[in-house]
Amino acid sequence: MLGMIETTFNPKAVEPIWSEAWEKSGAFKPSNAPGADPFCIVIPPPNVTGSLHIGHALNNTLQDILVRFERLRGKSVLWQPGTDHAGIATQMVVERQLAAEGNIGRREMGREDFLKRVWAWKEESGGTIFKQLRRLGASCDWSRERFTMDEGLSAAVLKVFVALHKDGLIYKDKRLVNWDPHFETAISDLEVVNKETKGHMWRIAYPLEDGSGEIVVATTRPETMLGDVAVAVNPKDERYQSMIGKQVKLPLTGRLIPIIADDYADPEAGTGAVKITPAHDFNDFKVGKRHNLPMINILTSRGLLNDDVPLPYRRLDRSVAREKVLQDLEAEGLRRGEDNITHTVPHGDRSGVVVEPWLTDQWYVDAPKLAVAAIAAVEGGKTKFTPKNWEKTYFEWMRNIEPWCVSRQLWWGHRIPAWYGPEGSIFVEESETAALAAARAKFGRTVELTRDEDVLDTWFSSALWPFSTLGWPQQTPELKTYYPTSILVTAHDIIFFWVARMMMMGMHFMKEEPFHEVYIHALVRDATGAKMSKSKGNTMDPLELIDKFGADALRFTLAAMAAQGRDIKLSEQRIEGYRNFGTKLWNAARFAQMNECAVWDQYDPASPQQTVNKWIVGETAKAVADVTRELEARRFNEAAGVMYRFVWNVYCDWYLEFIKPLLNGSDEEAKLETRRTAAWVLDQILIMLHPFMPFITEELWARTGEYGHKRSGMLITEAWPKLSEKLIDPTAEAEINWMIDLIAETRSTRSQLNVPAGAKIPLLLIGADRDGEARLERYQELIDRMARLEYSTSAKDAPKGSVTFVLAGATVALPLEGVVDLPAETARLTKEIAKLEAEVKKMDQRLGNADYVARAPEEIVEELRERREEEAASAEKLKAALKQIQGAA
RNA sequence: GGGCGGUUAGCUCAGCGGUAGAGCGUCUCGUUUACACCGAGAGGGUCGGGGGUUCGAUCCCCUCACCGCCCACCA
5 MLGMIETTFN PKAVEPIWSE AWEKSGAFKP SNAPGADPFC IVIPPPNVTG
55 SLHIGHALNN TLQDILVRFE RLRGKSVLWQ PGTDHAGIAT QMVVERQLAA
105 EGNIGRREMG REDFLKRVWA WKEESGGTIF KQLRRLGASC DWSRERFTMD
155 EGLSAAVLKV FVALHKDGLI YKDKRLVNWD PHFETAISDL EVVNKETKGH
205 MWRIAYPLED GSGEIVVATT RPETMLGDVA VAVNPKDERY QSMIGKQVKL
255 PLTGRLIPII ADDYADPEAG TGAVKITPAH DFNDFKVGKR HNLPMINILT
305 SRGLLNDDVP LPYRRLDRSV AREKVLQDLE AEGLRRGEDN ITHTVPHGDR
355 SGVVVEPWLT DQWYVDAPKL AVAAIAAVEG GKTKFTPKNW EKTYFEWMRN
405 IEPWCVSRQL WWGHRIPAWY GPEGSIFVEE SETAALAAAR AKFGRTVELT
455 RDEDVLDTWF SSALWPFSTL GWPQQTPELK TYYPTSILVT AHDIIFFWVA
505 RMMMMGMHFM KEEPFHEVYI HALVRDATGA KMSKSKGNTM DPLELIDKFG
555 ADALRFTLAA MAAQGRDIKL SEQRIEGYRN FGTKLWNAAR FAQMNECAVW
605 DQYDPASPQQ TVNKWIVGET AKAVADVTRE LEARRFNEAA GVMYRFVWNV
655 YCDWYLEFIK PLLNGSDEEA KLETRRTAAW VLDQILIMLH PFMPFITEEL
705 WARTGEYGHK RSGMLITEAW PKLSEKLIDP TAEAEINWMI DLIAETRSTR
755 SQLNVPAGAK IPLLLIGADR DGEARLERYQ ELIDRMARLE YSTSAKDAPK
805 GSVTFVLAGA TVALPLEGVV DLPAETARLT KEIAKLEAEV KKMDQRLGNA
855 DYVARAPEEI VEELRERREE EAASAEKLKA ALKQIQGAA
């Protein structure tokens with residue numbers, strides 16, 4: 005029993021019911037209706053063990069709006085859900101748990117047991133985020149949920165890795181990587197964050213071997229001198245000409261290293277002489293290669309100094325070693341001063357520790373080659389960015405892309421399918437069996453193989469997401485129908501991490517772009533404007549907001565704030581305002597119900613005879629066109645704004661007020677038409693608003709369908725309105741707008757004159773105001789019309805010489821004689837006159853310019869002239885009125 | 001160093017070549033049978049500064065200032 009609608013909507017009670025009903029009904033699955041266009045979005049997979057933060061809420065709200073919109077428009081919609089295993093992040097969480105429980109660490113535990121533990125954590129917390137997304141109303145096809153480490157996706161990863169390897173697009177290389185000494189793994193360039201840090205620039209003297217003096221180098225990292233293999237100076241640098249080719253005796257180690265000439269040395273920087281440490285600096289690495297210098301690694305995987313440094317420094321932490329090196333140099337009298345500087349230091353984005361360039365063997369994807377097709381797809385318009393300016397960012401990065409280091413020295417992830425055999429042989433195959441077979445073929449006998457210990461970067465599997473979730477490498481019907489997907493919705497912080505890589509993998513393996521459009525939305529920032537992130541923990545909790553205001557309010561707020569181009573600072577007040585919007589809609593429905601505005605399935609929007617009804621039908625047609633256009637253009641804020649204004653400012657403020665007398669009147673035919681129209685418009689509102697506020701609209705759909713014509717199904721399966729522009733009746737539009745304008749004008753007139761309702765003001769004031777006489781006539785006409793339409797009974801009863809009417813919630817009284825607050829009115833008129841005179845002056849100037857240049861269209865000049873005259877005349881009238889008032893006083 | 005974005009009402013932000021907008025907040029008024037999560041009104045802005053284009057600039061162009069973000073470099 006639904007019964008009478010209460011005064012407010014109760015989201016907590018209602019939302020779970022609809023969530024379940026929708027899912028059970030199969031409404032989230034693609035309709036696969038014959039002839040229906042496909043529409044597909046793959047969800048940006050959240051971390052499997054994560055929970056919903058406000059960024060997810062925004063991201064998924066926007067996707068859900070599009071998905072529900074297209075579903076209503078009759079497309080066969082697939083919103084593909086899934087989660088990411090989030091290698092480093094998840095492993096980190098579990099390691100922390102182990103530490104907190106006082107358990108043994110992962111190394112002591114061993115790979116197998118540790119992975120068991122991670123899987124257990126995945127099982128325990130893995131469902132959380134999808135439960136939360138359901139609360140938000142996300143209409144994903146939950147039956148198709150995928151996980152980057154499930155069987156199918158893991159198979160895709162293997163296949164891709166092997167295929168790329170066979171094509172030479174994945175290779176193993178020994179080069180410098182960003183090494184995270186905390187996690188003891190390589191990380192990609194993107195996982196390094198540079199932080200401004202206060203530090204020192206130390207100057208150190210390296211004595212020349214021949215005793216002819218010294219060369220002073222500058223460095224921020226003195227401990228790395230233990231791995232120095234040369235000192236470089238610029239060949240054009242006069243100061244050092246004579247030293248090129250000489251040897252210096254490297255302090256603390258006694259090694260002899262050469263002074264070399266290389267353009268890399270900048271005479272302006274430091275002392276102009278730079279120490280070269282190829283194993284621990286990316287630039288030095290290049291110099292080392294150029295000059296065939298040895299590479300001396302001085303660090304262990306944990307960032308301690310290794311055994312290739314003199315005894316006193318071995319096993320010291322790099323920071324401790326720095327102090328000791330400085331002290332020892334001081335003792336030897338080789339320090340040549342220092343400066344305080346601020347410089348940026350690379351840190352691991354997850355670990356937060358300083359990362360080290362470190363020389364290791366890693367697997368690389370040949371990103372520069374894969375980028376070619378990915379760039380072309382965007383250049384050729386196959387994939388479009390919204391807003392378009394992000395294409396520039398995309399191009400910039402893609403055109404300068406570096407090889408992508410994809411191996412990680414972690415355990416949680418896809419293990420690299422490479423096996424090592426005798427004589428340095430490597431077999432990259434999809435299974436151990438295949439690798440063994442390949443090895444047997446090579447060696448002519450069965451050999452022992454050991455598998456690569458490393459796993460792949462999390463983003464490797466994410467890069468396959470658009471096709472792997474649709475079934476690839478199987479040629480599934482879904483893959484055929486929904487690839488390329490329609491649109492990807494994501495935030496700009498992962499364009500490089502994710503979007504770019506999906507483009508590369510999609511173009512390579514599918515030969516087609518993974519999505520036609522990439523919609524980049526803003527980041528939701530915290531109060532200080534800082535980026536909210538999973539690891540920082542400075543997030544707003546969307547679940548709390550949903551508890552407090554309902555999912556619809558949160559969704560509508562996020563949509564209304566999702567303007568293209570600016571990040572969002574969310575405030576609760578705003579959400580509260582949109583919660584009130586829901587209540588407003590709710591009460592409009594309540595009003596309709598109380599007035600027996602029942603749905604009628606035979607309703608023809610072209611049929612109304614009453615002016616107000618013709619008008620609202622036209623307004624509805626406009627709203628449909630507007631909201632459709634804005635959603636198609638992905639201007640979510642505009643689309644939300646259209647609905648907000650239509651519901652509140654048009655339907656509620658004016659239409660429902662205008663029809664009150666009709667509903668209470670005696671014209672039965674008009675009454676019936678009005679009831680049906682009001683109900684029909686409400687239906688259109690519910691449909692259009694459904695993508696934004698699915699719960700309240702679905703609930704009202706059910707409630708309003710309780711009387712009158714029976715609904716054929718849930719709102720979620722309705723059809724988006726298709727209304728002809730012919731429904732806009734210009735005559736009705738003009739009539740109603742005329743009334744609205746006048747009523748608004750009379751309202752403000754009363755207030756401007758600053759008299760209480762019912763008080764009396766002199767006729768001369770109205771008459772003397774701008775357009776005064778004409779206005780008085782119009783008021784009289786308005787009153788007549790409204791009386792005719794039975795808008796007001798009091799108009800008839802108004803005392804002679806005054807008019808009073810009630811409309812749109814306000815009593816408007818216009819007595820035509822009486823008293824007035826003279827000082828206030830004098831001030832107002834003076835101000836008004838000054839404003840008008842300024843206007844006239846401006847007009848004169850414009851007209852002067854226009855005549856002089858004589859280039860303005862005649863119409864405009866004419867318009868300007870007219871306006872000038874009007875303003876001038878008004879000013880004169882006001883002056884006259886002012887004189888009269890002053891005379892009276 | 002390269003790139004992107006921002007600067008509009010007290011706050012949070014839309015908008016835009018044609019007389020400045022919303023929500024919230026503030027102040028007045030309101031026991032009108034949908035809604036006080038409401039209604040009617042008011043106040044509050046030289047649209048960051050300076051140039052230019054234009055009949056007309058908050059909007060387009062140039063420039064400066066400040067703020068933020070991304071990338072690169074950092075001896």
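Convert by adding 4 to the 1-based position in the first sequence; the result is the number in the working numbering. The beta-carbon is built from N, C-alpha and C at its ideal position, and this holds for glycine as well. Just so you know, these numbers come straight off a predicted model, no measurement behind them.
| Query | Result |
| --- | --- |
| DSSP bridge partner residues for residue 365 (one or two, in chain order) | 178 |
| Reference residue 303, options 230, 241, 254, closest by Cα | 230 |
| Residues bridged to residue 84 [DSSP beta-bridge criterion] | 46 |
| CA-to-CA distance, residue 636 to residue 225, given in whole angstroms | 54 angstroms |
| For residue 409, the residue or residues it bridges with in DSSP | 368 |
| C-alpha distance - residue 674 paired with residue 45, whole-angstrom precision | 47 angstroms |
| Nonlocal neighbours in the same chain, by C-beta distance under 7 angstroms from residue 458, ignoring five residues either side | 411, 412, 413, 420 |
| Collapsed DSSP secondary structure at residue 29 in the structure displayed | helix |
| Cα-Cα separation, residue 328 to residue 271 | 29 angstroms |
| CA nearest to the CA of residue 357, picked from 186, 513, 392 | 186 |
| Span of the beta strand (DSSP E) around residue 103 | Looking at the DSSP string, residue 103 is not in any beta strand (DSSP E); the run it does join, the alpha helix (DSSP H), is 91 to 104. |
| Residue(s) in a DSSP beta bridge with residue 342 | 206 |
| The segment 120 to 131 touching the segment 51 to 59, judged by at least three CB pairs closer than 8 angstroms | yes |
| Same chain only: Cβ atoms within 6 angstroms of residue 858, ignoring 5 sequence neighbours per side | With a pLDDT of 49 at residue 858, under the threshold of 50, the predicted position of this residue should be treated as unreliable, though the coordinate-derived value follows. Taken in chain order, the list of residues that qualify is empty. |
| Collapsed DSSP secondary structure at residue 759 in the structure displayed | With a pLDDT of 34 at residue 759, under the threshold of 50, the predicted position of this residue should be treated as unreliable, and no value is reported. |
| Residue 655 (DSSP reduced to helix, strand or coil) | helix |
| Residue 574 - DSSP class collapsed to helix/strand/coil | coil |
| Residue 49 vs residue 86 beta-carbon contact at 8 angstroms | yes |
| Euclidean distance between Cα positions of residue 661 and residue 353 | 58 angstroms |
| Straight-line Cα distance separating residue 376 from residue 305 | 35 angstroms |
| Straight-line gap, residue 645 to residue 588 (C-alpha atoms, nearest Å) | 15 angstroms |
| Coarse secondary structure for residue 20, derived from DSSP in three states | helix |
| Option in 257, 615, 604 with minimal Cα separation from residue 336 | 257 |
| Span separating the alpha-carbon of residue 796 from that of residue 525 | With a pLDDT of 37 at residue 796, under the threshold of 50, the modelled position of this residue cannot be trusted; read the value that follows with caution. Cα-Cα distance, rounded: 50 angstroms. |
| Run of the beta strand (DSSP E) containing residue 9, from where it starts to where it stops | Here residue 9 belongs to no beta strand (DSSP E), and DSSP marks it neither H nor E. |
| CA nearest to the CA of residue 592, picked from 617, 689, 567 | 689 |
| Status (buried if at least 16 other CB within 10 Å, exposed otherwise) for residue 512 | buried |
| Bridge partners - residue 317, DSSP secondary structure assignment | Its beta-bridge partners do not exist; DSSP assigns none. |
| Inter-residue Cα distance where the pair is residue 491 and residue 523 | 7 angstroms |
| Spatial distance of residue 96 from residue 183 (CA atoms) | 16 angstroms |
| Those residues which DSSP pairs with residue 525 across a bridge | 495 |
| Residue 278, enclosing beta strand (DSSP E) - first and last residue | 277 to 280 |
| Own chain residues within Cβ distance below 7 angstroms of residue 463, not counting five before or after | 501, 502, 505 |
| Inter-residue Cα distance where the pair is residue 355 and residue 101 | 15 angstroms |
| Nearest-angstrom Cβ-Cβ length linking residue 638 and residue 480, presumed shorter than 8 angstroms | The pair is not a contact, with the Cβ atoms about 29 angstroms apart (cut-off 8 angstroms). |
| Cβ pair count under 8 angstroms reaching 3, the segment 691 to 704 against the segment 550 to 570 | yes |
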